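Participant:
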Amino acid sequence: MSSLLLPRTPPPSPPLSASAAAAPPFLSPRTHIPSHVYKHPAAILLEICTSTKELQQFLPLIMKSGLYNEHLFQTKLVDPLYHTLLKGYAQQSNLDSAMKFFSRMKHDGVSPIVYNYAYLMKACADKFDVRRGKQIHAQLILNGFSDNLYSMTSVMNLYAKCREIHEAYKMFDRMPEKDLVCWNTVIAGFAHNGMPKKSLELVSAMQEEGHIPDLVTVVTILPASANIGNLRVGKSIHAYAVRHGLESYVNVSTALLDMYAKCGLIRTARHIFDSMSSKTVVSWNSMIDGYSQSGDYSEALDLFQKMLDEGLRPSNVTVMGALHACANLCDISRGQFVHKLVIDSGLDSDVSVMNSLISMYCKCKRVDLAAQLFHKLRMKSLVSWNAMILGYAQNGFTIEAISLFCKMQEKNMKLDSFSLVSVITAVAELSVLRQAKWAHGLAVRTCLDKNVFAMTALVDMYAKCGAVHTARKLFDSMGDNRHVTTWNAMIDGYGTHGFGEEAVELFEHMCSKGSVINPNDVTFLCIISACSHSGLVKQGRKYFTMMKEKYGLEPKMDHYGAVVDLLGRAGQLKEAWEFILQMPVEPEINVFGAMLGACKIHKNVDLGEKAADKLFDLEPDDGGYHVLLANIYAIASMWDKVAKVRTLMEKKGIQKTPGCSSVDLKNEVHTFYSGSVKHPQSERIYAYLGELIDRIKEAGYVPDTSSIHDVEEDVQEQLLNTHSEKLAISFGLINSSPGTTIHIRKNLRVCGDCHNATKYISLVTEREIIVRDMHRFHHFKNGVCSCGDYW
DNA sequence: ATAGGGTTAG
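This is how it looks when you write it as structure tokens:
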């Protein structure tokens, strides 16, 4: 090949007017291209280049122009150009062209050099194409490059990128000598394969062998140290970077700010960000995402806005961060703004961005818009399906969620832990034990029953389907593989079933000395509400104090709400009101909602009115709270006030949410609304219910008509007997064999009369009836309810 | 030949 190279001492450049024939023969057309055929500017550029050097200079430009392939493929080149072009293809990760060109090169009699293999290997690694990488590896060995440091490093990198880190390490181990790049490669390999500790160990090992970590090493291990969440390690890397004068590199400072943000030191991260003299998109993205991950979504969006104001072009990662923030703030208008930006900047061709959009619309409760995007999306990925299924599940569209999941399976798509968790969430919401068992079976069949997320979802699901003991069995089977959320799910499960003692026991176990798991803010929410459901007021208050004093967790609005509920349910209404007045933060809807609910249970008109006043200020259009206040008045026989609330509701156009109960039978879920006669078995249901009411009256049941006014007594009773749960129970009893348990799901809170009637029904029919209402479970058996009439 | 940010979950 040296014969075609320019002489070492180049002759004086010919004057520009010199004829083309005088130029060195670095190109010789293989096929004659007729001059009347259109020539691409890049092709012309190729022809007018007068030296290899010049051509190499223009090459990046030529490669970028797009229409170069055919011309280049038809042209016999000098050796160095083959190498440069191959590098160009490989660096664009244009693997197909690179491979094709490589064959051409060999066909033209040019023998491969080690860099050819290295570049091809890099392209394979970038495409995660381990199959072709192995082919190239084999060729490389045949050509005698197997001991070359560069080629070995590139092969190592291929294996590391393709998640075969052990293969990579084997190569690393076999290498006769190791340079800095090769150490960095293996360190990155472990860092990217979920083994951050191992990668940090290797940094020490390389230092022991006399290598000095450089900026690449630092940039590689900073995310690894963030991953193990050990701030001490991160800080020592920071110190190292300062000592070696590396912190002024943009990559290093970006990696530093990212590490601090991921370790929770968001202000330190911001400090680094602000002091950076130059920033890249990645710096902005890290900072925006840092705010998102620390829960400060408003700041994340402010920074995103600032980035736009400075005229910077957001990348796909930027908009995903912004969408994440919009989703968590339920800020659909800003979400739609980002959506528009996505379309304007052409980022809508990125599946990941589209997935974020789908998820954002779902979180903003606009499942319809999400579904529109999903159905229009041509290149759906597994994540797209998962996001949509979960979106349906979390918005109460359980049937849609499950059927989309089935559709996905019909398409023979593989499913992962995310898909499974999404469908389990749907089943938990559906609250049908039969479906629960199906989902559990699915987890086992797909070998995902060792996955913590899936298992935790199953624990939660069984509890929500009324099978709290099954939930506990699963919980126990997990051993040390539990996360905080697993504990939370179990504690909450006990709580909603009214098993306060069990919840407390589990919580104490979690906080005991030997435990490796610490409670988080959600744990405290679960345990306080568990205490609330079981009337354990003193315990609950103790935990509320403990939360801040022992664990340094600042109570959130939900915790305040839970304490008000705890005190209020137990009848300590004055204490509850005092507690609200003494709150260090402005109370929100949930707090007054809990107060109003307690006033209804304990028939306190005065405080109920106060709570309702605040509620109507904060949320004027909620039907539920208006009905609650009306009921408080009704119980106190203040019928004029009841009428006033009703008029107010009519004026505002607020509708009462209709009561709705569902029951699972064979392969169908049957849903009943109050007073509905639409069910095919309607006549039978009402007839049976009539008989049932007579039977329980004989056993001592007295209808509670205290909340109904304006009508004759027998009409009052008739109204009570069209409540949806009575219809659902009646239907369930008719259609199932004696002795089987009936599971009912109700959208609102169980009313006093239905609660009382169900107790008697369980007695006279000798059936166990499990009702899941808006807030908790009621197990009715032998005339008593597990809630101890305390709900 | 090596390097920083990332979509869905309990």
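Quick note: the first sequence, position 150, residue 150 per full-length UniProt numbering, numbers continuous. The C-beta atom is built at its ideal place from N, Cα and C for all residues, glycine as well. The structure displayed is predicted, hence computed values, not measured ones.
#1: My understanding is that His778 touches Ser786, with C-beta atoms under 8 Å, so please give their C-beta distance in whole angstroms.
#2: Since Phe592 is in the beta strand (DSSP E), which residue starts that stretch and which ends it?
#3: For the structure I just gave you, are there three or more beta carbon pairs, one from the stretch 674-689 and one from the stretch 438-454, closer than 8 Å?
#4: Excluding sequence positions up to five away, which residues of its chain have a Cβ less than 7 Å from the Cβ of Ile491?
#5: Taking just the CA atoms, how far does Met360 sit from Leu390?
#6: Could you check if Gly788 is buried or exposed, using at least 16 other CB atoms within 10 Å of its CB as the buried criterion?
#7: Taking Leu581 and Met595 to be in contact with their CB atoms under 8 Å, please state how far apart those CB atoms are, rounded to whole angstroms.
#8: Using DSSP with H/G/I as helix, E/B as strand and the rest coil, what is Arg772?
#9: Mind pulling the alpha helix (DSSP H) runs of 4 or more residues that sit fully within the stretch 83-133?
#10: Is the CB-CB distance between Asn631 and Lys600 below 8 Å?
#11: Helix, strand or coil for Ile165 per DSSP?
#12: With H, G and I counted as helix, E and B as strand and the rest as coil, what does DSSP make of Lys306?
#13: With respect to the beta strand (DSSP E) encompassing Arg745, which residues constitute its N-terminal and C-terminal limits?
#14: Here's the rule I'm using: 16 or more other beta-carbon atoms within 10 Å means buried, otherwise exposed. How should Glu247 be labelled?
#15: Is the distance from the Cβ of Arg745 to the Cβ of Arg772 below 8 Å?
#16: I'd like the span of the beta strand (DSSP E) that includes Thr671, first residue to last.
#17: If I measure Cβ to Cβ from Ile729 and keep anything under 7 Å in the same chain, skipping five residues before and after, which residues do I get?
#18: Work out the CA separation of Ser199 and Glu619 for me, nearest whole Å.
#19: Go to Lys473, then tell me how far its alpha helix (DSSP H) extends in each direction, as first and last residue.
#20: Based on the DSSP secondary-structure assignment, which residues constitute the bridge partners of Val784?
#21: When DSSP builds the beta bridges, which residues end up paired with Val663?
#22: Going by DSSP in three states, Val78 sits in which element: helix, strand or coil?
#23: Whole angstroms is fine: what's the gap from Phe499's alpha carbon to Cys465's?
#24: I need the DSSP call for Arg267, collapsed to helix, strand or coil.
#25: Could you check if Phe579 is buried or exposed, using at least 16 other CB atoms within 10 Å of its CB as the buried criterion?
#26: Could you check what DSSP says for Glu247 in three-state terms: helix, strand or coil?
#27: Hey, out of Leu382, Val484 and Arg472, whose CA is closest to Phe418's CA?
#28: Within its chain, find whatever has a CB closer than 6 Å to the CB of Leu386; leave out the 5 residues flanking it on each side and keep chain order.
#29: When the Cα atoms are used, what is the spatial distance from Lys170 to Asn412?
#30: Does the Cβ of Cys406 have 16 or more other Cβ atoms within 10 Å, making it buried, or fewer, making it exposed?
#31: In three-state DSSP terms, what is Pro196?
#32: Are Asp565 and Ala612 touching if we call contact CB-CB under 8 Å?
#33: Between which two residues does the alpha helix (DSSP H) harbouring Pro223 extend?
#34: Comparing C-alpha positions only, which one of Ile266, Ser532, Trp284 and Gly396 sits nearest to Thr254?
#35: Whose C-alpha, out of Val218, Trp183 and Leu231, is nearest the C-alpha of Glu208?
Facilitator: On the basis of the coordinates in this document:
#1: Here residue 778 refers to the residue found at position 778 when the first sequence is read from its first residue. Here residue 786 refers to the residue found at position 786 when the first sequence is read from its first residue. Correct: roughly 6 Å between the Cβ atoms.
#2: Here residue 592 corresponds to residue number 592 of the first sequence, with the count starting at 1. Where Phe592 is concerned, there is no enclosing beta strand (DSSP E), although the alpha helix (DSSP H) it sits in stretches over Ile589 to Ile601.
#3: no
#4: Along the first sequence, read from residue 1 onward, the residue named residue 491 stands at position 491. Closer than 7 Å at Cβ, skipping near neighbours: Ala503, Leu506, Phe507, Thr523, Cys526, Ile527 and Ala530.
#5: Working through the first sequence from its first residue, we reach residue 390 at position 390. Working through the first sequence from its first residue, we reach residue 360 at position 360. Distance between the alpha carbons of Leu390 and Met360 is about 12 Å.
#6: If you number the first sequence from 1, residue 788 lands on position 788. By the neighbour-count rule (16 or more Cβ atoms within 10 Å), Gly788 is not buried but exposed.
#7: One-based indexing of the first sequence puts residue 581 at position 581. One-based indexing of the first sequence puts residue 595 at position 595. Not a contact, Cβ separation roughly 11 Å.
#8: Position 772 of the first sequence, counted from the start, is the residue given in the question as residue 772. Strand, per DSSP.
#9: 95-107 and 114-127
#10: Sequence index remark: in the first sequence, residue 631 carries index 631 (1-based). Sequence index remark: in the first sequence, residue 600 carries index 600 (1-based). Against a cut-off of 8 Å, the Cβ pair of Lys600 and Asn631 comes out as a contact.
#11: The residue labelled residue 165 in the question sits at position 165 within the first sequence. Three-state DSSP puts Ile165 in a helix.
#12: Walking along the first sequence from the start, residue 306 turns up at place 306. It is helical.
#13: Stepping through the first sequence from its first residue, residue 745 is reached at position 745. Counting along the chain, the beta strand (DSSP E) containing Arg745 begins and ends at Ile742 to Lys746.
#14: Start at 1 with the first residue of the first sequence, and residue 247 comes out as number 247. Buried, because 16 or more other Cβ atoms sit within 10 Å of the Cβ of Glu247.
#15: Taking the first residue of the first sequence as 1, we reach residue 745 at position 745. Taking the first residue of the first sequence as 1, we reach residue 772 at position 772. Against a cut-off of 8 Å, the Cβ pair of Arg772 and Arg745 comes out as a contact.
#16: By 1-based counting over the first sequence, the position of residue 671 is 671. It spans Glu668 to Tyr673 - the beta strand (DSSP E) in which Thr671 sits, taken as one unbroken run.
#17: Your numbering for residue 729 matches position 729 in the first sequence. Counting only Cβ-Cβ distances below 7 Å, and skipping sequence neighbours, we find Ile742, Ile744, Thr758, Ile761 and Ile769.
#18: Taking the first sequence and counting its residues from 1, one reaches residue 619 at position 619. Taking the first sequence and counting its residues from 1, one reaches residue 199 at position 199. If I take the Cα positions, the gap works out to 53 Å.
#19: By 1-based counting over the first sequence, the position of residue 473 is 473. Start and end: Val468 to Ser477.
#20: Counted from its first residue, the first sequence places residue 784 at position 784. According to DSSP, which records beta bridges pairwise, Val784 is partnered with Lys781.
#21: Here residue 663 is taken as the residue at index 663 of the first sequence, counted from 1. Its beta-bridge partners are His670 and Ile744.
#22: In the first sequence, residue 78 corresponds to position 78, counting from 1. DSSP places Val78 in coil when its eight states are reduced to three.
#23: Here the question's residue 499 lines up with position 499 in the first sequence. Here the question's residue 465 lines up with position 465 in the first sequence. Rounded to the nearest angstrom, the two C-alpha atoms are 15 Å apart.
#24: Position 267 of the first sequence holds residue 267. Reduced to three states, the DSSP call for Arg267 is helix.
#25: In the first sequence, residue 579 corresponds to position 579, counting from 1. Buried, by the Cβ-count rule.
#26: Locating residue 247 in the first sequence gives position 247, counting from the first residue. Of the three classes helix, strand and coil, the one that applies to Glu247 here is coil, per DSSP.
#27: Position 418 of the first sequence holds residue 418. That would be Leu382, whose Cα lies nearest to the Cα of Phe418.
#28: On the first sequence, position 386 is the one that residue 386 refers to. What sits at residue 386 in the sequence shown is Asn, not Leu. Hits under 6 Å: Phe418, Ser419 and Ser422.
#29: The residue given as residue 170 occupies position 170 in the first sequence. The residue given as residue 412 occupies position 412 in the first sequence. Approximately 36 Å between the Cα atoms of the pair.
#30: Mapped onto the first sequence, residue 406 falls at position 406. Exposed, by the Cβ-count rule.
#31: For the purposes of this step, residue 196 is taken as the residue at position 196 of the first sequence. It is helical.
#32: In the first sequence, the residue the question calls residue 565 occupies position 565. In the first sequence, the residue the question calls residue 612 occupies position 612. No. Outside cutoff.
#33: The residue given as residue 223 occupies position 223 in the first sequence. Leu215 to Asn227 is the span of the alpha helix (DSSP H), which, as asked, contains Pro223.
#34: Sequence index remark: in the first sequence, residue 254 carries index 254 (1-based). Cα-wise, what sits closest to Thr254 is Trp284.
#35: Here residue 208 corresponds to residue number 208 of the first sequence, with the count starting at 1. Among Val218, Trp183 and Leu231, the Cα nearest to that of Glu208 belongs to Trp183.
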